[in-house]
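J.: Numbering-wise, the sequence shown is residues 186 to 640 according to this note's numbering.
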Amino acid sequence: MRVVVIGLDSEPPVLWERFDAVLPTIGRMRREGIFLPLASTDPPITVPAWMSMLSGRDPGELGVYGFRNRASYGYGALVTADATHVRVPRVWDVLGAHGLKSAVVGVPGTYPPPPVAGVVVSDFLTPPGAPYTSPPEFRETVERVVGGPYRFDVEGFRSHDLPRIRDEALAMTERRFDLACHLAEGGEWDFLMVHEIGLDRVHHAFWNHFDPRSPRHVPDSPFASVVERYHRYLDARIADLLARLTDECVVFVVSDHGSRAMEGGVYLNDWLREEGLLTLRHEVEPGTPLRPELVDWSRTRAWAEGGYYGRVFLNVAGREPEGTVAPADARALAERIARGLGELRCGAEVLVPEETYRAVRPIAPDLMVYLGGLGWRALGSVGHDDLYALENDTGPDGANHDRLGVFLAWGKGVGLGARCSGTASILDVASTLLEPFGLADKLPGEPIVEVTDLA
Ligand SMILES: [Zn+2]
Numbered sequence: 186m187r188v189v190v191i192g193l194d195s196e197p198p199v200l201w202e203r204f205d206a207v208l209p210t211i212g213r214m215r216r217e218g219i220f221l222p223l224a225s226t227d228p229p230i231t232v233p234a235w236m237s238m239l240s241g242r243d244p245g246e247l248g249v250y251g252f253r254n255r256a257s258y259g260y261g262a263l264v265t266a267d268a269t270h271v272r273v274p275r276v277w278d279v280l281g282a283h284g285l286k287s288a289v290v291g292v293p294g295t296y297p298p299p300p301v302a303g304v305v306v307s308d309f310l311t312p313p314g315a316p317y318t319s320p321p322e323f324r325e326t327v328e329r330v331v332g333g334p335y336r337f338d339v340e341g342f343r344s345h346d347l348p349r350i351r352d353e354a355l356a357m358t359e360r361r362f363d364l365a366c367h368l369a370e371g372g373e374w375d376f377l378m379v380h381e382i383g384l385d386r387v388h389h390a391f392w393n394h395f396d397p398r399s400p401r402h403v404p405d406s407p408f409a410s411v412v413e414r415y416h417r418y419l420d421a422r423i424a425d426l427l428a429r430l431t432d433e434c435v436v437f438v439v440s441d442h443g444s445r446a447m448e449g450g451v452y453l454n455d456w457l458r459e460e461g462l463l464t465l466r467h468e469v470e471p472g473t474p475l476r477p478e479l480v481d482w483s484r485t486r487a488w489a490e491g492g493y494y495g496r497v498f499l500n501v502a503g504r505e506p507e508g509t510v511a512p513a514d515a516r517a518l519a520e521r522i523a524r525g526l527g528e529l530r531c532g533a534e535v536l537v538p539e540e541t542y543r544a545v546r547p548i549a550p551d552l553m554v555y556l557g558g559l560g561w562r563a564l565g566s567v568g569h570d571d572l573y574a575l576e577n578d579t580g581p582d583g584a585n586h587d588r589l590g591v592f593l594a595w596g597k598g599v600g601l602g603a604r605c606s607g608t609a610s611i612l613d614v615a616s617t618l619l620e621p622f623g624l625a626d627k628l629p630g631e632p633i634v635e636v637t638d639l640a
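1. Return helix, strand or coil for V545, following the three-state DSSP convention.
2. Looking at H586 and ligand 1, is the gap between the Cβ and the nearest heavy atom below 8 Å?
3. Which residues in the same chain as R158 place their Cβ atom closer than 7 Å to its Cβ, once the five residues preceding and following it in sequence are excluded?
4. What three-state label does DSSP hand C366 in the structure shown?
5. When you compare only the Cα positions, how much space is there between V188 and E620?
6. When you measure from the CB of I230 to every non-hydrogen atom of ligand 1, does any distance come out below 8 Å?
7. Using the Cβ count rule (16 or more neighbours within 10 Å means buried), how would you classify H380?
8. Does DSSP classify A266 as helix, strand or coil?
9. Alpha carbons only, please: which of L462, P293, D455 is nearest the one belonging to G508?
10. Given R726, which residues of its chain have a CB within under 8 Å of its CB, disregarding the five upstream and five downstream residues?
11. If I follow the unbroken beta strand (DSSP E) through D127, where does it start and stop?
12. Is the closest heavy atom of ligand 1 to the C-beta of D626 under 8 Å?
13. Looking at the unbroken alpha helix (DSSP H) that takes in S616, where does it start and where does it end?
14. What are the complete beta strand (DSSP E) segments, minimum 3 residues, inside the region 552 to 579?
15. P293: beta carbon under 8 Å from a heavy atom of ligand 1?
16. Can you name, in chain order, every residue of its own chain whose Cβ lies under 7 Å from the Cβ of V237, other than the five neighbours on each side?
17. Report the residue from P471, A594, Y452, E478 whose alpha carbon sits nearest the alpha carbon of Y493.
18. What are the partner residues of V599, as DSSP defines its beta bridges?
19. Report the residue ranges of all alpha helix (DSSP H) runs contained in full by the region 397 to 449; include only those spanning at least 4 residues, in chain order.
20. Suppose only complete runs of 3+ residues qualify. What are the beta strand (DSSP E) ranges in the region 368 to 398, listed by chain order?
21. Note down, in chain order, each residue of its chain lying with its Cβ closer than 6 Å to the Cβ of E413, except the 5 sequence neighbours on either side.
22. I need the DSSP call for N254, collapsed to helix, strand or coil.
23. What number of angstroms, rounded off, separates the C-alpha of A487 from the C-alpha of L457?
24. Should V599 and V439 be called a contact, given that it needs their Cβ atoms to be closer than 9 Å?
25. What separation, rounded to the nearest whole angstrom, lies between the Cα atoms of A266 and S240?
26. Thinking C-beta only, is L384 closer than 9 Å to L377?
27. Could you check whether the Cβ of S195 sits closer than 8 Å to any heavy atom belonging to ligand 1?
28. Could you give the C-beta distance for L223 and V290, rounded to a whole number, given that I count them as a contact under 8 Å?
29. Considering only the alpha carbon of each residue, which of R215, G251, A489 lies closest to P547?
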């Protein structure tokens with residue numbers, strides 16, 4: 186048996202329903218296979234979610250809480266999480282240890298390209314000009330197949346230049362699937378996985394152009410059909426890929442989280458200032474990023490990092506360099522902050538890492554904050570008169586992440602005799618992908634579907 190995984194970044198089940206009439210390939214796979222909504226990680230953020238999906242370990246066990254993470258208890262900038270932060274085996278490591286080969290393209294958490302039995306093309310966080318394949322000489326094959334430089338991401342996808350974003354996303358996806366189809370035909374693998382970031386970029390740029398429920402919906406937009414057209418293109422390229430596969434392949438289509446309209450944002454650090462928990466050295470212009478040198482740490486008890494979700498850090502004595510909160514008081518302060526955030530007009534859900542994860546590796550945020558059911562963005566900049574914003578503070582954006590992604594298993598022998606219902610967990614995907622090889626018990630999690638070998 187062989188396993189193929191198509192990773193669609195940010196695909197929510199609602200869009201497969203909405204576009205069902207124009208997605209013949211995905212529709213057929215859903216009818217013939219097993220389809221379930223897939224509950225993402227806490228937080229539902231790309232890098233930790235894919236790392237968790239491929240390892241069966243939650244973000245606390247991985248110690249990866251976002252795109253960027255604290256590297257120390259100092260006040261310095263967060264550090265981008267990459268493949269070197271993954272210290273646990275992932276699906277391809279288990280397969281390699283059992284003599285099976287993988288071909289892995291674009292999966293978040295694979296830069297720098299890790300040594301894998303098979304080939305790797307690293308992900309959208311690959312820096313310009315960096316070596317991006319394993320083995321290094323595989324790069325020549327990649328560039329020959331795609332007919333030029335390989336594209337990792339849509340540059341500057343939070344921009345008003347919408348025609349450019351649309352065209353770049355399509356051109357990037359074309360190359361990615363050209364490569365995936367080449368690998369599918371080549372056959373030097375037992376496990377083939379391709380990840381597409383273009384869908385996430387298209388959602389961020391164009392969501393408010395098609396969704397009338399978005400508070401910033403653009404009526405009669407010339408870009409109203411971009412999200413649908415991109416989906417039709419993806420569906421056609423998935424059909425291309427399937428046409429190159431042999432009968433023994435089991436195909437999975439998965440996403441790391443969903444997407445939804447972005448409703449607005451909350452300036453978390455300005456809220457902490459209002460609460461008397463964060464003090465700046467002097468007044469600043471509205472929209473100023475919270476830099477460590479701006480903060481009077483001797484009079485600061487907490488600060489926050491913005492993003493699709495918010496992270497609050499406490500300034501704890503003996504832990505942070507200029508900590509002011511006695512360790513014995515930290516819990517009461519965290520509870521006070523959680524109560525206060527709950528009174529924001531958009532509402533807030535506050536998670537504590539120690540109560541959320543199986544283990545908490547350094548360095549976790551003290552509180553994780555979902556605003557307005559993830560419809561509201563946490564904004565980190567300071568100096569605003571109003572706590573609430575309609576726009577993101579790091580560039581225009583129409584979509585936020587949502588909890589539910591997709592899980593689809595399709596192929597001969599998938600789910601025979603099994604009844605699946607409810608919602609699957611992203612933490613069970615790794616063992617599911619290993620199940621056709623008889624290796625499901627090598628990583629944490631329970632297989633979501635059974636695959637019967639009919640050979
Ligand atoms: Zn994502």
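Ideal placement from N, C-alpha and C gives every residue a C-beta, glycine not left out.
All values derive from a computational prediction rather than experimental measurement.
T.: Let me lay it out:
1. coil
2. yes
3. Given a span of 186 to 640 for the chain in the structure shown, any question on residue 158 remains unanswerable.
4. helix
5. 10 Å
6. yes
7. buried
8. coil
9. L462
10. The shown model of the chain, from 186 to 640, leaves out residue 726, and the question about it has no answer.
11. Any answer about residue 127 is impossible in this case: the structure gives the chain only from 186 up to 640.
12. no
13. 614 to 619
14. 552 to 556, 561 to 564
15. yes
16. Looking at the sequence provided, one finds Ser at residue 237 rather than Val. These residues qualify, in order along the chain: T226, D243, P244, L247, I611, L612.
17. Y452
18. V636
19. 411 to 428
20. 376 to 381
21. F204
22. strand
23. 7 Å
24. no
25. 15 Å
26. no
27. yes
28. About 20 Å separates the two Cβ atoms, so there is no contact after all.
29. G251
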